[in-house]
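S.K.: Chains as they are written, first to last, in the numbering used here: chain A, 499 to 1320; chain B, 24 to 157.
For each residue, glycine too, the CB sits at the ideal point set by N, CA and C.
Quick one: the structure is below, questions incoming.
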Amino acid sequence: MVNLTIDDKQVTAPKNSTIYDAARINGIKIPILCHDKKLKPFGACRMCLVEVEQMRGRQVPACTTPITEGMIIRTSTPDIIKARKMVLELLLLNHPIDCPVCDKGGDCDLQNLTYEYKVNANRFSDEKFHHAIDYSNPLIERDMNRCVLCGKCARICDEIVSFGALTFISRGIETKIGCEFEGSLNCEFCGSCVSVCPVGSLLARPFKFKARFWALTNQKSVCGYCGTGCNLTLGVKDNKVLTTVYDENQGFHNGQLCCRGRFGYQFINSDKRLTTPLVRKNGTLTEASWDEALELVAARLKGAGSSAAALATPRLTNEELVLFKRLMETAGSANYDHSAGYAHAALTEGFAKSFGAAASPATILDIQKSDLLLVIKTDSYETHPVIGFEINMAVKNKGVKLNILSDKRGKLSKLPDAQTLVHTPGSEVAVINALAKTILDDKLAAGTAAAIPGYADLEKALAGFTPEAVAGQSGLSSDAIKRLARDYAAAEKALILFPIGNAYPGHNADLASAVANLALLTGKLGTEGSGVLCMAEKNNSQGAVDMGFYATRGLNAGQIMDGCASGAVKTLFVAGENPVVSYPNRAAISAALDKVEFLVVSDLFMTETAAMADVVLPACSFAEKEGTFTSVDRRVQHIKPAIGKIGQSRTDFEIFGQLIAKLGGQAPATPATVFGEIAASTPGYAGMSYASLGETGAFAQVAVTAAFVVPRTVAVEPAAGKLALVTGSALYHNGTQSQFGEGPMYVCPEGYVELSRTDAARLKIQENDLLNVASAIGSTKLKARITPRMPEGVLFSPYHFGAAGVNQVWGGAPVTWVTVTK
Amino acid sequence: MNPITPIINGLRITLEHLFKKPVTLQYPAERPKVAQRFRGLHALNVSHDKAKCVACYLCPTVCPAKCITVEAGEDANHDKYAARYEIDLLRCIFCGYCVEACPVDAVKMTGEFELANYHRSDFVYDKERLLEKK
């Protein structure tokens, strides 16, 4: 710590702090326009000028001057105030005084400082700028006339998002922030630039003119899309969520969000929300009372036993999942599952066997503390973008080495010194086995490895996985495999990351075991910066696993569908899930749901699945309920309602509770009671309470009991003349819910199929051509996107879109062989 | 004092008034002339054939009675305009803060005081009704 004096106050601050940081830590406010906690010091705005006695009273920018022992600093002498006033006058020289129409009015740093420093007149005069305003983009409006050239937008886009869409253009008085070739903004629309802009130069169009900042009520919450567990501040007015408000002090990510977190909130107050219960009468869904609908459901569930089954979305809160499970048990059925049951088998089966716990023994915070990151599938960026930002920062700021093993390239591959090994689809487990084999052969294994149960079996099983043997089937060179293995083993701290979820069928228990073996072999587990992070897809996927909402004694999701088709399952309760679109093989799913005698769906929207139901119950979104979500790294976070319930909708907690009561059971009154029960009975959650979670949440502990498990490898045989289709997640979407968020739909409104330039040239396909993609189980029409990231012979398609029908083609196999015609 | 004097004084005043112009207005045949600063019904000022209001939300913000509802819209030129401007006169206390807060001189208060009506809904003045009052 360094001792210094600021404004006659003796203070201390950590070494390497700037004067600005030291003042902030000690509660002394220095005005600034160009600084954000996450960004590197820049010193552009000159508002933070302070006097340092040791520098003969010269005025220096506080944000770029490091502190030294004994420094004597003054932050608000008359001279400094005079200087700051002049800075403001010079800024206001060109800045239009259009505060009444500027959306930033009331939340504008320049406006606030102008008021604070009483700049009521301007001694200077100049012409205002007349830059054309960029309205071309549906999410971000750019008005460079208001820009104060703080550079925060360009810096955040470069330093954290790593896209580099914005930059300084021209010099001197002509300087402005612009895009390449002064074109319009065409980026990934995470809105980070909008969030940090201190003035009204960059505005969120979905919020444009909706309300003034001061009229909003801010409610902290947790994002309801992916499993990263980003913290959100929802801006609420008139019972509507109008925007997400940036708060640089929020969450491990310091307020950073992705496109869907920032712009995907509209589904909460969408006009399409279901508002009343619906019951099928004479073939059509008609409005009904809650009593009528719940009576019908209860009558079907009463004593239904194993003829009843339940599927839930991992977007429900932990408390709701516990109650749903209890409802099924009251009905006498053990047939319940969420997508973790099969799409998240990496956790429930893989990690459960390898680590003795169905959770990742590493956290997101380990990313920046590691020496080497091994990312399986570059989609970790697309599935969990904010984790992608963490990886960016680790690589760029901390010099963490990045190795990627994937069936296609992605944005992470563009990071400095990133090594990407692009393997043939479906061969990832074999490649990881080959890495383990190399580690064994080169005697790079940790001394502790041999003592772990299953070591001998693994050694024997890996005999056939020499880098040379795997090289042939994976399309990689044996040298590349060896190099990757040696890199991983040599790193003092290494972290493996891989995403799982619906439409990631190859990311199963075997992949998890293969990855776990690698960490166990090298002893890179259980220490800071090391381990394995399995990134589950939805906001509470990990919670669903922790709550045991997957098949243990009863049928799993796939078997439930088979049961519906065969008649063994007569009543199916689907809560928030949309299997018609998100489960593989749509024809089979639709036929199964058609066949099931009684289908109950509780959802926010009339989804493809809800449209087939006998009873549809309007449910509440995350913004209307209370409970806890568990993120991929087992951070348990408490959410509270931000708005009142829409229409007659009820939370799933209420729905399940009322049904339990109707079945003769006793339902807990509040989510808090259930959370108390969770804390008492769930491993790792002991001692937790809403109060102890606070605003930042708490990590549930993971107790690892290591064992080597030999993963099964399935050889994926190439099919002559066919292309390999892999499915997954698009950056802008998460599950099928984001289809109801206007923001993501502006940017990515429909399904598509990505293919390489080589394949496109060979098949004479142009961008946006409508292609007929056909597999053994069906076909669909998708627009072509030609991208350099795809390897030859491989296609990629996101699964989120009901209309695109990718699951008409994809049947659940890790790789689907398809033919593509125009 | 002589007890008769006050009676005489009173009669004198009455007699004087018999020959003065009456102060009572024969309303509605005769209409009062209100003071310039009188705060009657609100009106929206017009400039270039459209309301001057830019929907800055300052009037609903300062309104102590919360009787003003503004919703902004975006016109074809991407400019901000008041897509909805409503004053609920049953709540309004005619304090005039809205006029003072307006940064673009878009709202004023007229001399109109005849605001009685039969239905509650008639007391809600929307943008069109406020624009009619010049």
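(1) Inspect the beta-carbon positions of A/T773 and A/P1116 and report whether they are closer than 7 Å.
(2) Identify the continuous beta strand (DSSP E) that holds A/L502 and give its terminal residues.
(3) So A/F1151 is in the beta strand (DSSP E); what residue range does that whole segment cover?
(4) Following the continuous beta strand (DSSP E) through A/Q917, name the residue where it begins and the one where it ends.
(5) Check A/M569 in the structure and name its three-state DSSP category.
(6) In angstroms, rounded to a whole number, what distance separates the CA positions of B/N68 and B/N100?
(7) Determine which residues share a DSSP beta bridge with A/I994 and list them.
(8) Are the CB atoms of A/L1229 and A/E880 within a distance shorter than 7 Å?
(9) With a threshold of 7 Å between beta-carbons, can B/V85 be considered close to chain A, or not?
(10) Check whether the Cβ of A/F1325 lies closer than 7 Å to any Cβ atom in chain B.
(11) Use the C-beta contact count for A/A1034: other C-beta atoms within 10 angstroms, 16 or more gives buried, fewer gives exposed.
(12) For A/Q609, is the classification buried or exposed, using 16 other Cβ atoms within 10 angstroms of its Cβ as the cut-off for buried?
(13) Taking only runs of the alpha helix (DSSP H) that begin and end inside the segment 828-898 of chain A, which ones reach a length of at least 4 residues, in chain order?
(14) Report the option in A/Q754, A/V734, A/T673, A/R703 whose CA atom is closest to the CA atom of A/G727.
(15) With three or more C-beta pairs closer than 8 Å as the rule, is the segment 549-568 of chain A touching the segment 597-605 of chain A?
(16) Check whether the Cβ atoms of A/L537 and A/R653 lie closer than 7 Å to each other.
(17) Taking all protein chains shown into account, decide if A/H842 is buried (16 or more other Cβ within 10 angstroms of its Cβ) or exposed.
(18) Count the other CB atoms, across all protein chains shown, that sit within 10 Å of the CB of B/R143; report buried if there are 16 or more and exposed otherwise.
(19) List the whole-angstrom C-beta distance separating B/F136 from B/G33, where the pair is believed to meet the contact cut-off of C-beta under 8 Å.
(20) For the segment 65-99 of chain B, enumerate the residues whose C-beta is nearer than 9 Å to any C-beta of chain A, in chain order.
(21) Where does A/E549 sit, in a helix, a strand or coil, going by DSSP?
(22) With 16 other CB atoms within 10 Å as the buried threshold, where does A/Y723 fall?
(23) Are the segment 728-747 of chain A and the segment 675-688 of chain A touching by the rule of at least three beta carbon pairs closer than 8 Å?
(24) Tell me whether the beta-carbon of A/I530 lies closer than 7 Å to the beta-carbon of A/M545.
(25) What does the Cβ neighbour count give for B/G96, buried or exposed, with the cut at 16 atoms within 10 Å?
(26) Strictly below 7 Å CB to CB, what residues from chain A border B/K103?
(27) Per DSSP, what kind of secondary structure is A/Q1040 in: helix, strand or coil?
(28) Spell out a yes or no on whether the segment 1067-1076 of chain A and the segment 1093-1113 of chain A are touching, meaning 3 or more CB-CB pairs, one atom from each, closer than 8 Å.
(29) Identify each residue in the segment 618-634 of chain A for which the Cβ-Cβ distance to at least one residue of chain B is less than 9 Å, and report them in chain order.
(30) Within a Cβ cutoff of 6 Å, which residues of the same chain sit near A/F1071, ignoring the five residues on either side of it in sequence?
(31) Under the three-state reduction of DSSP, which class applies to A/R981: helix, strand or coil?
(32) Leaving aside the five residues before and after A/G1309 along the sequence, list all residues of the same chain whose C-beta is less than 6 Å from its C-beta, in chain order.
(33) Could you please give me the residues that DSSP links to B/N132 through a beta bridge?
(34) Taking the alpha helix (DSSP H) that A/K650 falls in, what are its first and last residues?
(35) Kindly indicate the opening and closing residues of the alpha helix (DSSP H) around A/S1011.
(36) Drop a sphere of 10 angstroms on the beta-carbon of A/Q1235, count the other beta-carbons inside from all chains shown, and report buried for 16 or more, exposed for fewer.
M.R.: Result, derived from the coordinates:
(1) For A/T773 and A/P1116, yes; Cβs fall inside 7 Å.
(2) Where A/L502 is concerned, the enclosing beta strand (DSSP E) stretches over 500-504.
(3) No beta strand (DSSP E) contains A/F1151, which is instead part of the alpha helix (DSSP H) from 1150-1160.
(4) Under the DSSP assignment, A/Q917 falls in the beta strand (DSSP E) whose first and last residues are 917-920.
(5) Under the three-state reduction of DSSP output, A/M569 falls in the coil class, being neither helix nor strand.
(6) When rounded, the separation of the alpha-carbon atoms in B/N68 and B/N100 is 21 Å.
(7) As computed with DSSP, A/I994 is found in a beta bridge with A/L872, A/V1030.
(8) Cβ distance < 7 Å, so A/E880 and A/L1229 count as in contact.
(9) With 7 Å as the cut-off, B/V85 does not count as an interface residue toward chain A.
(10) With chain A covering 499 to 1320 only, the question about residue 1325 of chain A has no answer from this structure.
(11) Under this definition A/A1034 is a buried residue.
(12) Classification of A/Q609: buried, given that the 10 Å Cβ count is 16 or more.
(13) Fully enclosed alpha helix (DSSP H) runs of no fewer than 4 residues occupy 877-881, 883-896 of the segment 828-898 of chain A, in order along the chain.
(14) Measuring from the Cα of A/G727, the nearest candidate turns out to be A/Q754.
(15) The way I'd put it, the segment 597-605 of chain A doesn't touch the segment 549-568 of chain A; fewer than three beta-carbon pairs between them come closer than 8 Å.
(16) One thing to note: A/L537 has its Cβ within 7 Å of the Cβ of A/R653.
(17) A/H842 should be labelled buried.
(18) The residue in question, B/R143, is exposed, as its Cβ has fewer than 16 Cβ neighbours within 10 Å.
(19) Going by Cβ atoms, the distance from B/F136 to B/G33 rounds to 34 Å, so no, they are not a contact pair.
(20) Under the 9 Å Cβ criterion, the segment 65-99 of chain B contributes V77, A78, C79, Y80, L81, P83, T84, E94, A95, G96, E97.
(21) Secondary structure of A/E549 (DSSP, three-state): strand.
(22) Label assigned to A/Y723: buried.
(23) Too few Cβ pairs lie closer than 8 Å, so no.
(24) Contact: yes.
(25) Its Cβ having fewer than 16 others within 10 Å, B/G96 is exposed.
(26) Correct list: V599, F707.
(27) Of the three classes helix, strand and coil, the one that applies to A/Q1040 here is helix, per DSSP.
(28) Note that the segment 1067-1076 of chain A touches the segment 1093-1113 of chain A; at least 3 beta-carbon pairs, one per stretch, sit closer than 8 Å.
(29) Residues I631, Y633.
(30) For A/F1071, where only same-chain residues beyond five positions count, the Cβ hits under 6 Å are A808, V1098.
(31) Helix.
(32) Scanning its chain for C-beta atoms nearer than 6 Å, with the 5 sequence neighbours on each side dropped, one finds around A/G1309 the residues P1082, N1083, I1275, in chain order.
(33) Per the sequence shown, the amino acid found at residue 132 of chain B is Met instead of Asn. Bridge partners of B/M132: B/H65.
(34) Here the alpha helix (DSSP H) through A/K650 covers 650-657.
(35) A/S1011 -> alpha helix (DSSP H) spans 1007-1020.
(36) With 16 or more other Cβ atoms inside 10 Å of its own Cβ, A/Q1235 counts as buried.
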